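Read the structure below first, then the notes.
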Ligand SMILES: [Zn+2]
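In our numbering, the protein residues as written are 37 to 434.
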């Protein structure tokens, strides 16, 4: 508790500032050092009727997932084969979902990747940029798709070349996530990757409920951000095979990461198909099934950032007169970790939230009343970085 809130007596102090629409006020004997600015109309609304409620207790904490969803889900694609652009992305768009495409950057100009003895057609940079423009994530699947667990000497160049390509082709993106080729890495490779990437996705096809990293049944926070588990989808997979994994993730409030490769509608040229192509109809049904749950659907990189930001934020609240003040801080680089964080605010049932202002910029944060009950639950959308919030409360309307 700060110095200000230890004052025993309270009386309102209102001071008109030279700027006509800005006020600061405090309910304490000693005015706080911070100037609390409020627009005049909000201030006048505060004063109407019975005046301010003195709220003795609030709870403010980060939501497990953005939007206070119960669990998270990232739809991911590997290799950047043309079927993903022709069939996968339009189906995702149709269902209102944004996914992640891990691309092999060294082969995109020529649009052909020799996957062992199979030549696969890839989408090109214009198409990749178009996906990014539409809100999907384009991420690194390295420059040449080598098994980096078996080629320790190639890890750094494979990662650096791919990043250079991605930055050149999608210049507005400040950071990129990584998907390990063949889902394979080593502790050494992960150490190198962590210097260039904020998160890397591993995976496997042996997913069962209870298999954490390889199965893609991640909990609230991945155990290893450089080897986040995903569930590799095979042509034999369907919504029925995915349901037990989904239900485990959902019960635990975790993060489900299905990993698709090829998609086939029966009409697309064979050359455009990715590895182990899944019928498009199964893909569509899997997405529809997932959408039946209270999941936060977001690209892999966004969810990884959110989890790190959520786990690193510190929040300190104290009452300052009729207002509540919350200082928030994170030790993360806000240029990379730039996802907004959902904060849950619980206040007594008789109280309503009037306004939340971020002090440094004067931004007023968006909020919504999520649940009414013994306590009202509000959700706020907090921008990344450090700062101070001022929370104004009023009496709830009947
Ligand atoms: Zn791959």
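Yeah, the Cβ is synthetic: ideal placement off N, Cα and C, and Gly gets one too. Owing to the predicted nature of the structure, the values given are computational and were not obtained by experimental measurement.
ask   = How about residue 218: is its Cβ closer than 8 Å to a heavy atom in ligand 1?
value = Here residue 218 refers to the residue found at position 182 of the chain shown. It does: the Cβ of residue 218 is within 8 Å (strictly closer) of some heavy atom of ligand 1.
inquiry  = Considering Cα atoms alone, identify which of 433, 406, 400 and 260 is closest to residue 427.
reply    = For the purposes of this step, residue 427 is taken as residue 391 along the chain shown, with counting starting at 1. Taking only the C-alpha atoms, the option nearest residue 427 is 400.
message = List, from N- to C-terminal side, the alpha helix (DSSP H) runs of 4 residues or more that fit wholly inside the region 114–141.
response = For the region 114–141, whole alpha helix (DSSP H) runs of length 4 or above, ordered along the chain, are 125–130.
task = Go ahead and label residue 455 buried or exposed: buried means 16 or more other beta carbons lie within 10 angstroms of its beta carbon, across all protein chains shown.
result = Because the chain here runs from 37 to 434, residue 455 falls outside it and cannot be looked at.
task = Between the Cα of residue 235 and those of 136, 323, 140 and 89, spot the shortest distance and give me the residue it belongs to.
result = Indexing the chain shown from 1 puts residue 235 at position 199. 136 is the residue among 136, 323, 140 and 89 whose C-alpha sits nearest the C-alpha of residue 235.
ask   = With distances taken between CB atoms, is the gap from residue 420 to residue 368 smaller than 9 Å?
value = As a first step, residue 420 must be located in the chain shown, where it is residue number 384. As a first step, residue 368 must be located in the chain shown, where it is residue number 332. The answer is yes: Cβ separation under 9 Å.
query = How is the alpha helix (DSSP H) around residue 288 delimited, first residue to last?
reply = Here residue 288 corresponds to residue number 252 of the chain shown, with the count starting at 1. Note, residue 288: alpha helix (DSSP H), 275–288.
inquiry  = Would the region 386–404 count as touching the region 332–344 if we require 3 or more Cβ pairs under 8 Å?
reply    = Touching, no, given that fewer than three Cβ pairs across the two stretches are closer than 8 Å.
query = Skipping 5 residues on each side, what residues in its chain have a beta carbon closer than 8 Å to that of residue 107?
reply = Translated into the one-based positions of the chain shown, residue 107 becomes position 71. Only 101, 285, 286, 288, 289, 290, 291, 292, 329, 330, 331 and 332 meet the Cβ criterion.
message = Judging by CA-CA distance, which residue of 393, 348, 185 and 125 is the nearest neighbour of residue 373?
response = Start at 1 with the first residue of the chain shown, and residue 373 comes out as number 337. Looking at the Cα atoms, 348 is the closest of the given residues.
ask   = What's the C-alpha gap between residue 296 and residue 423?
value = Here residue 296 refers to the residue found at position 260 of the chain shown. Here residue 423 refers to the residue found at position 387 of the chain shown. Rounded to the nearest angstrom, the gap between the Cα atoms of residue 296 and residue 423 is 40 Å.
ask   = How many angstroms separate the CA atom of residue 210 from the CA atom of residue 386?
value = As a position in the chain shown, residue 210 is number 174, starting the count at 1. As a position in the chain shown, residue 386 is number 350, starting the count at 1. Roughly 44 Å separates the two Cα atoms.
task = List in chain order: all unbroken beta strand (DSSP E) runs of 3+ residues lying wholly within the region 331–361.
result = If we require 3 residues or more, the beta strand (DSSP E) runs fully inside the region 331–361 come out as 331–333 and 350–356.
ask   = Taking just the CA atoms, how far does residue 89 sit from residue 226?
value = Here residue 226 refers to the residue found at position 190 when the chain shown is read from its first residue. Here residue 89 refers to the residue found at position 53 when the chain shown is read from its first residue. Residue 226 and residue 89: Cα-Cα distance of roughly 53 Å.
message = Contact defined as beta carbons within less than 8 Å: I believe residue 219 pairs with residue 239. What is the distance between those atoms, to the nearest angstrom?
response = Against the chain shown, residue 219 aligns to sequence position 183. Against the chain shown, residue 239 aligns to sequence position 203. Contact between residue 219 and residue 239 holds, since their C-beta atoms are separated by about 4 Å, short of 8 Å.
query = Can you check whether the CB of residue 213 is closer than 9 Å to the CB of residue 180?
reply = Sequence index remark: in the chain shown, residue 180 carries index 144 (1-based). Sequence index remark: in the chain shown, residue 213 carries index 177 (1-based). No; because the gap between Cβ atoms is not below 9 Å, this pair is not in contact.
request  = Rounded to whole angstroms, what's the CA-CA distance from residue 157 to residue 165? Just pull it up for me.
outcome  = Taking the first residue of the chain shown as position 1, residue 157 is located at position 121. Taking the first residue of the chain shown as position 1, residue 165 is located at position 129. Computed Cα separation, rounded: 17 Å.
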